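Peer 1: First residue of the sequence shown? That's 11 in my numbering, and the numbers climb one at a time after it. The structure follows.
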Amino acid sequence: QKQEFIRMYTSEEAGFLVRGKNISSVWIKLLDQINKFGKQVSHDGKNFKEIIGAVCVIESEDPDNLQFPDFLSISRKEFDSFFKEFLNDENYGKRISSQISSATEKLSSSIGSRKIVISLWNAKDLNSHSSPVITELLFKIQNQKLFLTAIIASNEVFKHFLLNAFSLLRNFLSSFSFL
């Protein structure tokens, strides 16, 4: 009889830092963190592993030259299709477009501001099955670099992390072109 060895790792309950040069390298590291430290959970009849409080730092992805290596779970074509929907979607497009020009104006006139926040969450979303997973976007400029913090309530990392990360990068770096 063959015995299976399962390696168990210990970690904090929440708070996982993942850092990389680009989205694809961060994605691989994030999957590794979930595989090693994720807790087995069940939701809506599905079983999966999750980690709480992942902080992903993408250091140098070029929004004008996004890379889609063969090992990613999405293709360039899938991303292009998703991105069009991302900007038109009820959950993101309308909510973002109503706030982005004010955020851009405020940030360009007050580079050090800590109040540049776009809220994508509405109280009615609490009881909705189609509420946005990205709930808040925070913008800060430091040392001539734009820092975007996206608060994501829930994310299916295998596919949607990539789609959301590429979409946020492409959409917002072009919006803040005054840097």
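Even glycine gets a Cβ: it sits at the ideal position worked out from N, Cα and C. Since this is a predicted model, take the numbers as computed values, not measurements.
Can you give me the Cβ contacts of residue 25 inside the same chain, cut-off strictly under 6 Å, excluding the 5 residues immediately before and after it?
Peer 2: Residue numbering aside, residue 25 sits at position 15 when the sequence shown is read from its first letter. 63, listed in sequence order.
Peer 1: Tell me the DSSP bridge mates of residue 30?
Peer 2: For the purposes of this step, residue 30 is identified with residue 20 of the sequence shown, where counting begins at 1. 68, per the DSSP bridge assignment.
Peer 1: Let me confirm a value: residue 175 is counted as buried when at least 16 other C-beta atoms fall within 10 Å, else exposed. Which label applies?
Peer 2: In the sequence shown, residue 175 corresponds to position 165, counting from 1. With 16 or more other Cβ atoms within 10 Å, it is buried.
Peer 1: Using 8 Å as the threshold, is the C-beta distance between residue 172 and residue 146 below it?
Peer 2: One-based indexing of the sequence shown puts residue 172 at position 162. One-based indexing of the sequence shown puts residue 146 at position 136. Contact: no.
Peer 1: If the criterion is Cβ atoms closer than 8 Å, does the pair residue 156 and residue 183 meet it?
Peer 2: As a first step, residue 156 is located in the sequence shown; it is residue number 146 there, counting from the start. As a first step, residue 183 is located in the sequence shown; it is residue number 173 there, counting from the start. Yes, these two residues count as a Cβ contact at 8 Å.
Peer 1: Quick one: what's got a C-beta closer than 8 Å to residue 59's C-beta in the same chain, skipping five residues either side?
Peer 2: Locating residue 59 in the sequence shown gives position 49, where the first residue counts as 1. Result list for residue 59: 44, 45, 48, 49, 50, 51, in chain order.
Peer 1: Of all the alpha helix (DSSP H) runs that stay within the bounds of the region 66-128, which reach a length of 4 or more residues?
Peer 2: For the region 66-128, whole alpha helix (DSSP H) runs of length 4 or above, ordered along the chain, are 86-98, 103-119.
Peer 1: Put residue 168 into one of helix, strand or coil per three-state DSSP.
Peer 2: The count along the sequence shown starts at 1 and reaches residue 168 at position 158. Correct three-state label for residue 168: coil.
Peer 1: Does DSSP classify residue 243 as helix, strand or coil?
Peer 2: With the chain covering 11 to 189 only, the question about residue 243 has no answer from this structure.
Peer 1: Using 10 angstroms around the beta-carbon of residue 136, count the other beta-carbons present and answer buried if the total reaches 16, otherwise exposed.
Peer 2: Here the question's residue 136 lines up with position 126 in the sequence shown. Residue 136 is exposed by the Cβ-count criterion.
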